[in-house]
Every structure is written in structure tokens, then in C-alpha cells.
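Undergrad: From first to last, the protein sequence lines are chains A and B. Just add 16 to the spot in the first sequence (first one is 1) and you have my numbering. Just add 16 to the spot in the second sequence (first one is 1) and you have my numbering. All C-beta atoms, glycine included, are put in the ideal place defined by N, C-alpha and C. Below is one structure. I have some questions about it.
2 protein chains.
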Amino acid sequence: MSGGAAPIAVVGAGLVGAGWAIVFARAGHAVRVFDEAPAVRDGVMALIAANLRDLKSFGLIDEAPEAVLARIAVVPTLEDAAAGAAYVQESVYETVAAKRAVYAVLDRAVPPTAPIGSSSSGIPASAFTADCATRRRMLIAHPVNPPYLLPLVELVPAPWTVSECIDATFALMAAAGQEPIRIAREVEGFVLNRLQGALLNEAWALYAEGYASLADIDKTVSMGLGLRWSFMGPFETIDLNAPSGVADYARRLGPLYHAVALSRTAPRAWDEALIARVARERRVALPAAELDSRRAWRDRRLMALAAHKKKTAKDLGS
Amino acid sequence: MSGGAAPIAVVGAGLVGAGWAIVFARAGHAVRVFDEAPAVRDGVMALIAANLRDLKSFGLIDEAPEAVLARIAVVPTLEDAAAGAAYVQESVYETVAAKRAVYAVLDRAVPPTAPIGSSSSGIPASAFTADCATRRRMLIAHPVNPPYLLPLVELVPAPWTVSECIDATFALMAAAGQEPIRIAREVEGFVLNRLQGALLNEAWALYAEGYASLADIDKTVSMGLGLRWSFMGPFETIDLNAPSGVADYARRLGPLYHAVALSRTAPRAWDEALIARVARERRVALPAAELDSRRAWRDRRLMALAAHKKKTAKDLGS
């Protein structure tokens, strides 16, 4: 890790932006962080420092936390972050209005060939970059939170994004240890949230119809489906699940899955009555006062899992 | 683990049945295994022995493999397996005709109060137990393969299954270290394959429409969604993903997921042309000749993950 890697601007320093600062600084980049809220700017270095100490304790960074932290600087203006950046990761509040306002500045202030990736999880880049003179270098680079533990990054072009900027962002992310994927064109929810949404919609429907409790539906994933999926994707999983591979599997199981799809052609929205039932059952399982400690538990489990995956990929292959 | 635990019959000794023999023997039960194919009967003990050695090497059994193996006996007739069994796990070939023929014998030969669970992954118990005099003690006990590494078991009653038999099967499975869940009534695909099918249908559709490669869709899960899901279910995941919990999350993201569902109300079957495209891309990623070695890799990764989950649940909580 040399401190000579290209400087990165992180714009928006909530949980997502703070996570990105760790990703880039861990990879050796100088990182300039900006948030329009002074309270966020004042607090973000302490948050990052705490996360770096946790990462160190799980063996997930090689350097001392202070060495990584030393590459991160919080700056007082958006222009300060943008000036001289080789790449910008934008993670501001997810509304079209908020993003448009920031992109109007980035359009002018970021060196003209530097790609600008947005952490937007749902709004496509075309919705907030259309009016930018340099829109050709703007794209979606959607992470999973926190990005320093969940490496996937979805790269989604707007209709005007040039392939050079996709390629440069891909190379930058891969070099930083992330796992970028290329999505051919804009689609609502991109790939990750479409897959998650498909499973969630079925889970909510099964619960609404009284087939199983939330806890039992959760176990179906955490004690079953999710285990293989933590190191293999759904296509590889089914490819290995029939003697002669995926074609064999698809012919055997395809009709069942098509029947499942045909049973859900009148999707029900998650209405307030259903949301209230789900929330009530979850609040019995986990009182609201324990949400924060459970999130800390989740993050420790994710760190332990990341360390496990690193080790088993080395020992057993990936 | 005492050898005094109730004797179990495992009927059908393919990969699934052999896996069940390990689950019950590992928990201290005497296990009698039957398969109608002499070649399967002749080979199953060697397969089980090899799996037990692997489990031992990953720290997943406490006893010597030979001690577990000594509790398993292959018997020459279905009646020999059934006689005196406290529970029967049936894993014969998944057709209604094959199951009906076996259940006609089990109906008479198994002690009348012993529950009989079927490993059927799709056919509901009502389709093959309707004509049995003792159908009230018959149910689905659907595992994930291999059951000694993936603990989930779906318990699904037929309309005539009595709750005492569900409860007894639940208690037996839980005592053996499995994670049973209760499904209220029959539904096509039960819960696990409905959730898997929902995600797979979306994955196949995204691929068919050219949004991403198989490898990139797979990464979305193995480097993103699947990590949390390997230790938390989908409801707990979203409950922790919004500041005030699942209701908050559902109001924010529900409309996006509903839009995803509304975009899929005309589901496309996995037709032969699409299957051929998927198979071609998978066979480039993994030649057919390497399917078996990749399956061995998957099983080692699952063993390492099972050991990791055991340890982190102890160290960090579950």
C-alpha cells in the first residue's frame, strides 16, 4: 500500500460515505471527505477510527489503524474535496433534488476526466446527471453497506456514460479489493435489490398468508439457503445441485419454480396493516431498545465472516 | 451421546438418505438403513465413512468416526428397517408412484405411533399418504442437502397429520442438532424452494434480458446479499437496515420492491433456448469434467463454514 495512489473524493459522509473512506484509504489512496452537515464532518473521523480498530482486531487490515486514518482528511467545502480528485464517490442523501444540487458543483469542480460514481441504491444516474456538461463520466457505483466488509459494487451506466469511465471505475474498485460487477443498462433496483426484493416479496407473502412465522422464514435462509450463497452465487449453486449441471437442474426444477412465479402474478404491496404485523413480531423478537446492540453484533459477525472467507479462499480455493 | 437413543429407520440411501444416517448416528441414535437397490446398499457405508472422516477433520464431530459409524447398520429389507423404529426418515426417489409403494409397506411395518417424515422437496405428503391407514403420523421433513452441514428441516403436515407427530419430529430434529421449522399447511415448493425460486426467477430474467452475466449475478449474492444471509434471515436483515427497524425500512423500500414485483407479472418459463445459453456460459466457467471436484470444494467450504458458525455463535452470540 503506497500513499502515492490517486487521490479520491468522498462526498457525503454518513454511514455509507464513511465506509467508502475506509475502503479507499485501506487501499493506499489519499481520501478527502466532505459532508454539508458540520456535525457529520466533526464526527466522521471518530467513527472511521473506531471501525478501523475493529477491522484490525479481526485481522482485516495489515497496517496500524492510525496509518490508514492518516490518509483521510475531512475538508470544509465540496470544492476542496473535488479539486484534483482522480475519482469521486458520491453518497449524499438519496433524493433527486439533493443529488442534482451536488452534481451541479461536481460537474465543474472535479477534473474533467475523473469518473464520478454514485452510491445511489435506487435512483438511476440519468435522473440526476442529465443536465451536467460532463455527464459522460458519471455512473452508479452502488455498494452494499458497509462496503469495507461487503465487497460487491454494482456499476450501472446512464445512457450517456462512456465505457472508459466504467472501465476505470472497475479497475479502481478491483484494485481496492472490492468486487465490481457490470450492469449493461439502467433497471429499477439494479441487480442486487431486484434479487433481494424478489426473495423479500415471497417472504412477506408467505408470512401474510400464514404459512410460517418470521423467525421460521428467517431460519430457512440463515440455516439453509444463505450458507451456500455466502460463497457461491445462485447459478453456481444450482449448477452443482444436479448430476450433469445446470441444464439438468433447470429441466427438473424449472416447472416448480415457474409454478411459484405463476402463483404471484397479482403482487400485494406491503400495506400498513401487514407492516404493523411484521413490526410487532420483530419487536417481540428484538425490542426496539436492542436494535443498536444487535447492529453491533451483526457488524462483528460480518467481520468474523470476512476473515473466515479470506482464510478459506486461501486454504481451500474460491 | 448415548447409544440408548431411540432407533431410527432411514429408507432410501442415496445422497440424501446417507446424509440423514449421519445426522441421526452423530446424535447417538441407532440407525437402520435400507435401499431397494443392492448396489446402493453395498456402497453406502463407505460413503458415510468418508463423510464422517471429513466431518472429524473440520472438528464437526466429537467422537471418532468409527464410533458414529458403529451405530449405523444397513439392512436387507424395508421391513427390517421399519420394525421397532421410533422415527422413519424416507428419502426414496421423488415420484408419487415410488413414494406410494414405499408408504404402503411403512404404513403396516412401522410401529403405529412412530412419525414418518419424508425428504420430499416438492411433492406434498397428501399426494402419497392419502391411502395409508396410519396417515395421521406422516408428514414432510424436508432437509437441505447435505443435512449434516445445512441444518434446516421444513416440517409440513398433510391435512390429516396430527400435531403430536409434528411436535415429536420437531423435538427429535432439534435434539439431533437440526433446525426444524413449522409450516402451517401444504404449499407448492414449501418455504425454502419458494424463496429460492423467487430469487432464481429474477436472476434468470435479468440474465435473459441481458442486464448482467451469470458470473456477475452470482457475485451479487456471494459477495453481497449472501453474507448477511448466512447468519441472519431476510426479515432480521431489513429490520437492522433502517434506523427504527423493519416498519421504517418497509415504508422506504416497499414501493421499490412492489415495482420490481409489478415488472414480473408475466413470468417467463426457463425454456430450452434460455437453458442452453445458461448452460453454455456455466460450462465455460466450469467445464463438465470439473463438476465433481467443484462439488467436493463446495462441501469443504460448507464444512469450514459450519465450523466457523459454531465458533462465532459461541464467541459472539447468535
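Residue 105 of chain B touches chain A at which residues, Cβ-Cβ below 8 Å?
TA: Neighbours of residue 105 of chain B on chain A: none; closest Cβ ~17 Å, over 8 Å.
Undergrad: Run through chain A and tell me which residues come within less than 8 Å of residue 47 of chain B, C-beta to C-beta.
TA: Result: empty, since nearest Cβ-Cβ is about 22 Å, beyond 8 Å.
Undergrad: Could you check if residue 93 of chain B is buried or exposed, using at least 16 other CB atoms within 10 Å of its CB as the buried criterion?
TA: The residue in question, residue 93 of chain B, is exposed, as its Cβ has fewer than 16 Cβ neighbours within 10 Å.
Undergrad: Is residue 103 of chain B helix, strand or coil by DSSP?
TA: Residue state, collapsed to three classes: strand.
Undergrad: Nearest chain A C-beta to residue 140 of chain B closer than 7 Å, yes or no?
TA: It does not; no Cβ of chain A falls within 7 Å.
Undergrad: Could you spell out where the alpha helix (DSSP H) holding residue 142 of chain B opens and where it closes?
TA: 142-145 is the span of the alpha helix (DSSP H), which, as asked, contains residue 142 of chain B.
Undergrad: Does the distance from the C-beta atom of residue 28 of chain B to that of residue 166 of chain A stay below 7 Å?
TA: Result no, Cβ atoms of residue 28 of chain B and residue 166 of chain A do not sit closer than 7 Å.
Undergrad: Relative to the C-alpha of residue 61 of chain A, which residue among A:334, A:36, A:231, A:74 is closest?
TA: Nearest option by C-alpha distance: A:36.
Undergrad: On a Cα-Cα basis, can you pick out the residue from A:34, A:43, A:33, A:30 that is closest to residue 9 of chain A?
TA: This structure cannot speak to residue 9 of chain A, because chain A is shown only from 17 to 334.
Undergrad: Hey, residue 214 of chain A and residue 218 of chain B are a contact pair by Cβ (cut 8 Å); roughly how many whole angstroms apart?
TA: Going by Cβ atoms, the distance from residue 214 of chain A to residue 218 of chain B rounds to 4 Å, so yes, they are a contact pair.
Undergrad: Helix, strand or coil for residue 2 of chain A per DSSP?
TA: What is shown of chain A runs 17 to 334, which leaves residue 2 of chain A out entirely.
Undergrad: Within a Cβ cutoff of 7 Å, which residues of the same chain sit near residue 222 of chain B, ignoring the five residues on either side of it in sequence?
TA: Counting only Cβ-Cβ distances below 7 Å, and skipping sequence neighbours, we find 228, 233.
Undergrad: What in chain B is Cβ-close to residue 197 of chain A, meaning under 7 Å?
TA: Under the 7 Å cutoff, chain B gives 228, 232, 235, 236.
Undergrad: With 16 as the cutoff for other CB atoms within 10 Å, does residue 265 of chain A come out buried or exposed?
TA: Classification of residue 265 of chain A: buried, given that the 10 Å Cβ count is 16 or more.
Undergrad: Ignore the nearest five residues each way along the sequence and tell me which others in residue 148 of chain A's own chain have a CB closer than 7 Å to its CB.
TA: Within the same chain, residue 148 of chain A has close Cβ partners 119, 123, 154.
Undergrad: Which of the three DSSP states is assigned to residue 135 of chain A in this structure?
TA: It is coil, neither helix nor strand.
Undergrad: Whether or not the region 302-309 of chain A and the region 255-262 of chain B are in contact is what I'm after, with contact meaning three or more pairs of Cβ atoms, one per stretch, closer than 8 Å; do they touch?
TA: Yes, they touch.
Undergrad: Going along the chain, which residues of the region 23-40 of chain A sit with their C-beta nearer than 9 Å to a C-beta in chain B?
TA: Answer in chain order: no residues at all.
Undergrad: Give the single residue among B:175, B:101, B:278, B:136 whose Cα lies nearest to the Cα of residue 125 of chain B.
TA: That would be B:101, whose Cα lies nearest to the Cα of residue 125 of chain B.
Undergrad: Excluding the 5 residues preceding and the 5 following residue 18 of chain A in the sequence, name in chain order all residues of the same chain whose CB lies nearer than 7 Å to its CB.
TA: Because residue 18 of chain A sits at a pLDDT of 42, beneath the cut-off of 50, its placement in the model cannot be relied upon, and the point is left open.
Undergrad: When you compare the CB of residue 255 of chain B with every CB in chain A, is at least one pair closer than 7 Å?
TA: For residue 255 of chain B, the answer is yes, since a Cβ of chain A falls inside 7 Å of its Cβ.
Undergrad: Can you say whether residue 112 of chain A is buried or exposed, counting buried as having 16 or more other CB atoms within 10 angstroms of its CB?
TA: It counts as exposed.
Undergrad: Here's the rule: buried if 16 or more other CB atoms are within 10 angstroms of the residue's CB, otherwise exposed. What is residue 180 of chain B?
TA: That one is exposed.
Undergrad: Which residue wins for smallest C-alpha separation from residue 129 of chain A, given the options A:200, A:140, A:309, A:150?
TA: Nearest C-alpha to residue 129 of chain A: A:150.
Undergrad: Hey, how far is the Cα of residue 106 of chain A from the Cα of residue 290 of chain A?
TA: So the alpha carbons of these two residues sit roughly 35 Å apart.
Undergrad: Please classify residue 296 of chain B: is it buried, with 16 or more other beta-carbons within 10 angstroms of its beta-carbon, or exposed?
TA: Exposed, since its Cβ has fewer than 16 Cβ neighbours within 10 Å.
Undergrad: For residue 99 of chain A, which residues of its own chain have a beta-carbon under 7 Å away from its beta-carbon, when the five flanking residues on both sides are left out?
TA: Result list for residue 99 of chain A: 125, in chain order.
Undergrad: Check each candidate in A:91, A:33, A:200 and name the one with the smallest Cα separation from residue 345 of chain A.
TA: A query on residue 345 of chain A cannot be resolved here, the shown segment of chain A reaching from 17 to 334 and no further.
Undergrad: Cβ atoms of residue 25 of chain A and residue 114 of chain A: under 7 Å apart, would you say?
TA: Their beta carbons are not under 7 Å apart, which means residue 114 of chain A does not touch residue 25 of chain A by this criterion.
Undergrad: Would you mind stating whether residue 248 of chain A and residue 137 of chain B have Cβ atoms separated by less than 7 Å?
TA: No.
Undergrad: Give me, in chain order, the residues of the same chain whose beta-carbon lies closer than 7 Å to that of residue 75 of chain B; leave out the 5 immediate sequence neighbours on both sides.
TA: 323.
Undergrad: Thinking just about the alpha-carbon of each residue, which of B:108, B:209, B:261 is nearest to the one in residue 51 of chain B?
TA: Here the closest residue by C-alpha is B:108.
Undergrad: If we cut at 7 Å on Cβ distances, does residue 246 of chain B have a partner in chain A?
TA: Closer than 7 Å to some Cβ of chain A, the Cβ of residue 246 of chain B qualifies, so yes.
Undergrad: For residue 334 of chain A, which of A:21, A:307, A:132, A:245 has the nearest alpha-carbon?
TA: Residue A:245 is the option with its Cα nearest to residue 334 of chain A.
Undergrad: Taking the alpha-carbon positions, what's the residue 41 of chain A to residue 47 of chain A distance?
TA: Spanning the two alpha carbons is a distance of roughly 6 Å.
Undergrad: Would you say residue 321 of chain A and residue 243 of chain B are within 7 Å of each other, going by their C-beta atoms?
TA: Against a cut-off of 7 Å, the Cβ pair of residue 243 of chain B and residue 321 of chain A comes out as a contact.
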